[in-house]
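Undergrad:
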Ligand SMILES: Nc1ncnc2c1ncn2[C@@H]1O[C@H](COP(=O)(O)OP(=O)(O)O)[C@@H](O)[C@H]1O
Ligand SMILES: Nc1ccn([C@@H]2O[C@H](COP(=O)(O)OP(=O)(O)O)[C@@H](O)[C@H]2O)c(=O)n1
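Numbering (the UniProt record's numbering), first residue to last: 1 to 211.
(1) Could you have a look at residue 19 and say whether DSSP puts it in helix, strand or coil?
(2) Do the region 113-120 and the region 63-81 touch if we need at least three Cβ pairs shorter than 8 Å?
(3) Within the present structure, is the beta-carbon of residue 142 separated from the nearest heavy atom of ligand 1 by less than 6 Å?
(4) Just to check my reading of the structure: residue 70 and residue 40 have Cβ atoms closer than 8 Å, yes? What is that Cβ distance to the nearest angstrom?
(5) Are the beta-carbon atoms belonging to residue 42 and residue 55 less than 7 Å from one another?
(6) Between the Cα of residue 158 and those of 145, 209, 133, 173, spot the shortest distance and give me the residue it belongs to.
(7) Looking at the unbroken alpha helix (DSSP H) that takes in residue 41, where does it start and where does it end?
(8) Considering only residues of the same chain and omitting the five flanking positions on each side of residue 146, which have a CB-CB separation below 7 Å?
(9) Would you call the CB atoms of residue 150 and residue 19 closer than 7 Å?
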């Protein structure tokens, strides 16, 4: 079974994807980490995330990069959202994600284009969202919890800028797949959001079984 979970920054898609993976005993891939690894790689090499050549050069990272704590920073997130607009970068990361989705038994993936590009035939698709203010508060709490000094207004500004860039790009923009179930977590705590996600996935699987 393949489950696709998409949505904007800090909507809770990763939390939901991990919980679904645990529930169904499936492997999970946070695809945002791949784009963050490219963005952070560009910054560390002294390159410019606005340069497609610098971005492409950073696509050949090793797996240990995916555990780098620097990936959590807003700087890495911003650079990720810049480099992810280049079709060459998306192409370089495509097969790895498709292979993960296609492994025997299936998988849960979260990102921006899982339901639209990576796994258009997923068995269940969720589009997780929440208001920008709620998402900024969550991300702010998360980053300060990691010991980083960040201001709520700056996080909200970055999230809005990223939403805009991710939605406006022509290569695999952030959008809800037509057959994805919408889940707004603005007024839901983590447990309630996970329960709702589970109910939506189970309903989707039941419907498919009856078709
Ligand atoms: N429904 C929720 N209510 C409150 N906090 C949440 C909720 N979902 C996620 N969080 C918290 O918000 C932060 C961002 O969640 P995460 O799942 O990483 O979002 P995303 O993968 O969409 O960026 C994390 O610290 C997480 O624990
Ligand atoms: N499948 C994906 C996943 C992430 N991304 C890009 O990578 C950036 C970081 O993604 P992320 O999922 O780690 O970000 P958060 O939602 O956790 O803040 C996003 O803003 C997108 O620009 C993408 O283009 N496609």
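Backbone N, C-alpha and C fix where the C-beta goes; we use that ideal spot for every residue, glycine too.
TA: Short version:
(1) helix
(2) no
(3) yes
(4) 5 Å
(5) yes
(6) 133
(7) 32-44
(8) 72
(9) no
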